[in-house]
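Its first residue numbered 0, the sequence shown is counted upward by one per residue in numbering that gives the first Met the number 0.
Beta carbons: idealized from backbone N, C-alpha and C, even for Gly.
Structure first, then comments.
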Amino acid sequence: MDLDAFDNPIEKAIARQLRGYDEFFFDAWVNLAINQITGDYAEFGSWGGNTLNRAYRQQAGFGPPRHHWCYDSFEGLPETDDPRDEHPGWASRSLGQGGVEAFHADCDAHGIPRDVYTAVPGYYSETLAPAAPDAAPADIALAYVDCNLYTSAVTVLEFLRPRLKHGMILAFDDWYCWTSERVSGEREALEEFKATAPEWHFEWYRNVQRAGIAFVVEHAR
0 MDLDAFDNPI
10 EKAIARQLRG
20 YDEFFFDAWV
30 NLAINQITGD
40 YAEFGSWGGN
50 TLNRAYRQQA
60 GFGPPRHHWC
70 YDSFEGLPET
80 DDPRDEHPGW
90 ASRSLGQGGV
100 EAFHADCDAH
110 GIPRDVYTAV
120 PGYYSETLAP
130 AAPDAAPADI
140 ALAYVDCNLY
150 TSAVTVLEFL
160 RPRLKHGMIL
170 AFDDWYCWTS
180 ERVSGEREAL
190 EEFKATAPEW
200 HFEWYRNVQR
210 AGIAFVVEHA
220 R
């Protein structure tokens, strides 16, 4: 992709971001396959099927087939009054998709077969918080957290707690979305989580597009 071909700076930024997703998912799947890390793909935040599309296409041919799990309200961000959720780039109920059927339509447009993914609609307090520790997916190779909000990231990490394992990749899409007052909500959520999970070490793996980061989960030494 020749970024110089874009005259519009917004289009250029979007194209660069999508290229960043492709590069990340390609490298991640290659490493997970070479290192024989089993498990599915789970993403928390699935706007427009864009990351699912990249994850699905870059995984093809590398290792065994992996199911893709997509957790999202598909109706926009939840209502929140927690100051750790505040950011000038979004607000409560923003980033809506028009429901899960609209998400399926986006995936159809991307050419993603319905049988390779499971969409789990609902706010995380309704879908993730009540989930049993052994509920599917029990084995995850790559978790992609793209939920913007601190409070949502906290719920995601609690869902992942019994599913963490040595060698999996844990990525955050909005890690570098800080404000003039605070670090990003996803970063704050992970820093708090690490204090309660001393058995795990999160080794920096690589950055993801302009605002994301990925870690390899390892047993603490």
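In this model, A14 and C146 are separated by some 21 Å (Cα to Cα).
Going by beta carbons, E185 and W203 fall outside the 8 Å limit. If you draw a straight line from the Cα of L163 to the Cα of I139, it is about 8 Å long.
When the beta-carbon positions are compared, H200 and E180 stay at least 8 Å from each other. At least 8 Å separates the beta-carbon of Y122 from that of E42. Setting aside the 5 residues that flank it on each side, S151 is surrounded in the same chain by Y123, each with a C-beta closer than 6 Å to its C-beta; the list follows chain order. Excluding five sequence positions before and after S183, the CB atoms of its chain that fall closer than 6 Å to its own CB belong to D173, W174, C176 and W177, given in chain order. DSSP places I168 within a strand segment (E or B) once states are collapsed to three. Membership of Y204 in the beta strand (DSSP E) is indicated by the continuous run W199 to V207. Within its own chain, the residues whose Cβ lies closer than 6 Å to the Cβ of H66, once the five positions on either side in sequence are excluded, are D39, listed in chain order. V153 places its beta carbon less than 8 Å from that of A188. Runs of the alpha helix (DSSP H) lying entirely within the region 85-124, each at least 4 residues long, are 99-109 in chain order. With at least 16 other beta carbons inside 10 angstroms of its own, G44 counts as buried. Linking V119 to T126 through their CA atoms gives a straight-line distance of about 8 Å. Taking 8 Å as the cut-off, the beta carbon of T117 is found no closer than this to the beta carbon of W46. Judged by DSSP secondary structure, G211 falls within the beta strand (DSSP E) whose first and last residues are G211 to H218. Judged by DSSP secondary structure, A140 falls within the beta strand (DSSP E) whose first and last residues are I139 to V144. Judged by their CB atoms, L31 and G75 are not nearer to each other than the 8 Å cut-off. P129 and Q58 have their C-alpha atoms roughly 30 Å apart.
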